[in-house]
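Chemist: The end of the sequence shown is residue 834 by my numbering, with every number in the run present.
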Amino acid sequence: MAFETLTDALRPSYWGTLPLDAWIQSAVRDWLVPTLRPFFRALQWPIARVLDGLQGLLLAVPFAVIVALAVAAAWRWGGRGVALFTLVSLVLLDWIGIWRETMVTLAMIVTAVVFCIVVGIPLGIAAARSDRTAALIRPVLDVMQTIPSFVYLVPIVMLFGVGMVPAVIATIIFALPPLVRLTDLGIRQVQGELVEAGHAFGSTRRQILWEIQLPLALRTIMTGVNQTLMLALSMAVIGALIGAGGLGLTVYTGLGRLDIGYAGIGGLGIVLMAIILDRVTQALGNADPAARRRSPSRRRKDAAAEPLSQA
Numbered sequence: 524m525a526f527e528t529l530t531d532a533l534r535p536s537y538w539g540t541l542p543l544d545a546w547i548q549s550a551v552r553d554w555l556v557p558t559l560r561p562f563f564r565a566l567q568w569p570i571a572r573v574l575d576g577l578q579g580l581l582l583a584v585p586f587a588v589i590v591a592l593a594v595a596a597a598w599r600w601g602g603r604g605v606a607l608f609t610l611v612s613l614v615l616l617d618w619i620g621i622w623r624e625t626m627v628t629l630a631m632i633v634t635a636v637v638f639c640i641v642v643g644i645p646l647g648i649a650a651a652r653s654d655r656t657a658a659l660i661r662p663v664l665d666v667m668q669t670i671p672s673f674v675y676l677v678p679i680v681m682l683f684g685v686g687m688v689p690a691v692i693a694t695i696i697f698a699l700p701p702l703v704r705l706t707d708l709g710i711r712q713v714q715g716e717l718v719e720a721g722h723a724f725g726s727t728r729r730q731i732l733w734e735i736q737l738p739l740a741l742r743t744i745m746t747g748v749n750q751t752l753m754l755a756l757s758m759a760v761i762g763a764l765i766g767a768g769g770l771g772l773t774v775y776t777g778l779g780r781l782d783i784g785y786a787g788i789g790g791l792g793i794v795l796m797a798i799i800l801d802r803v804t805q806a807l808g809n810a811d812p813a814a815r816r817r818s819p820s821r822r823r824k825d826a827a828a829e830p831l832s833q834a
């Protein structure tokens with residue numbers, strides 16, 4: 524008994540519990556939120572404008588027009604197979620009655636990815652051009668990627684409330700790190716000889732960035748965009764917990780009612796949307812700049828003629 528008492532006395536909790544949870548609650552509720560409320564409202568304003576405009580546009584455009592544009596884009600960037608899959612998937616989504624929810628989710632995902640690009644690529648460029656900046660950003664990205672996705676909802680709800688815009692903000696924070704890291708990596712992987720050649724010809728740092736580093740790093744950056752897109756889609760269901768609509772709400776409502784069929788069609792919609800966006804963005808990232816300006820049939824002819832020219 525004496526040994527057990529001695530070992531218990533070595534534990535900090537034996538002498539009392541540190542009220543860290545109460546301190547955090549008091550700091551956030553009594554100081555952080557009242558002090559920074561104007562900043563948080565200003566941060567929500569551009570996201571709300573983009574989200575509302577994009578959602579209104581997608582819901583106003585006729586079904587046939589959206590399908591035609593999506594199939595044309597899939598054919599242009601991904602080829603015949605991706606275009607056919609896109610056509611079948613979009614028709615199926617309308618057929619099973621979740622077209623409106625799909626457009627709401629698409630508006631949320633596109634809004635989140637746009638703001639991730641606006642913030643993430645400049646941060647990646649800054650990290651690539653300065654080791655000190657990279658050293659400052661890297662721990663923040665590590666924390667952002669380590670924290671479970673559900674944990675993001677706690678500060679978001681306390682600071683921004685509930686609804687579509689807070690869900691988009693949580694998605695932006697969750698999906699941002701891969702784009703920053705891969706932008707940094709892509710620029711750092713550009714061969715030093717090419718940068719030195721640019722300096723030798725009298726190019727400025729801005730010219731070297733825009734005309735040498737970014738074009739050569741574009742494939743890696745597009746991989747970051749693809750990963751950000753997939754992470755944003757993975758937040759669709761979690762965002763429904765704080766008031767987001769769309770397919771995530773369909774899944775959440777179905778699970779709450781134990782209606783597996785209703786939850787299943789919401790999950791199917793997310794999967795089909797993820798496959799379409801993944802195939803198109805991957806094809807866009809893997810194509811070289813000259814190939815992006817050619818049609819798929821032209822690219823196939825050039826690919827078939829390349830072995831003959833080498834022979």
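We treat Cβ as the ideally placed atom computed from N, Cα and C, and that holds for glycine.
Note that the coordinates shown come from a computational prediction; the quantities given were computed from them, not determined experimentally.
Could you give the DSSP three-state label for Leu770: helix, strand or coil?
Modeler: Helix at Leu770.
Chemist: Taking only runs of the beta strand (DSSP E) that begin and end inside the stretch 537 to 607, which ones reach a length of at least 3 residues, in chain order?
Modeler: Listed in chain order, nothing qualifies, since the stretch 537 to 607 has no complete beta strand (DSSP E) run of 3 or more residues.
Chemist: Would you decide whether Asn809 is buried or exposed? Buried here means 16 or more other CB atoms lie within 10 Å of its CB.
Modeler: By the neighbour-count rule (16 or more Cβ atoms within 10 Å), Asn809 is not buried but exposed.
Chemist: Check this for me: beta carbons of Ile799 and Thr609, under 7 Å apart or not?
Modeler: Taking 7 Å as the Cβ cut-off, Ile799 and Thr609 qualify as a contacting pair.
Chemist: When you compare only the Cα positions, how much space is there between Thr773 and Ala591?
Modeler: So the alpha carbons of these two residues sit roughly 26 Å apart.
Chemist: Compare the beta carbon distance of Val680 and Ile765 with 7 Å and say whether it is the shorter of the two.
Modeler: It is a contact, given that the beta carbons lie within the stated cut-off.
Chemist: Rounded to the nearest angstrom, what separates Arg644 and Leu702 at their Cα positions?
Modeler: It should be noted that the sequence gives Ile, not Arg, for residue 644. Going from the Cα of Ile644 to the Cα of Leu702 covers about 7 Å.
Chemist: So, is Phe638 buried or exposed, given that buried needs 16 or more other C-beta atoms within 10 angstroms?
Modeler: It is buried - the Cβ of Phe638 has at least 16 other Cβ atoms within 10 Å.
Chemist: Hey, Ala759 and Thr628: beta-carbon distance below 7 Å or not?
Modeler: Their beta carbons are under 7 Å apart, which means Ala759 touches Thr628 by this criterion.
Chemist: What's the gap between the Cα of Asn606 and the Cα of Phe697?
Modeler: In the sequence under discussion, the amino acid at residue 606 is Ala, which differs from the Asn named in the question. Approximately 30 Å between the Cα atoms of the pair.
Chemist: Shortest alpha-carbon distance to Ile692 belongs to which of Leu559, Trp554, Pro557, Trp568?
Modeler: Closest option to Ile692, Cα to Cα, is Trp568.
Chemist: How do the stretch 644 to 655 and the stretch 705 to 715 stand: do at least 3 beta-carbon pairs fall below 8 Å, yes or no?
Modeler: Output reads yes: the stretch 705 to 715 touches the stretch 644 to 655.
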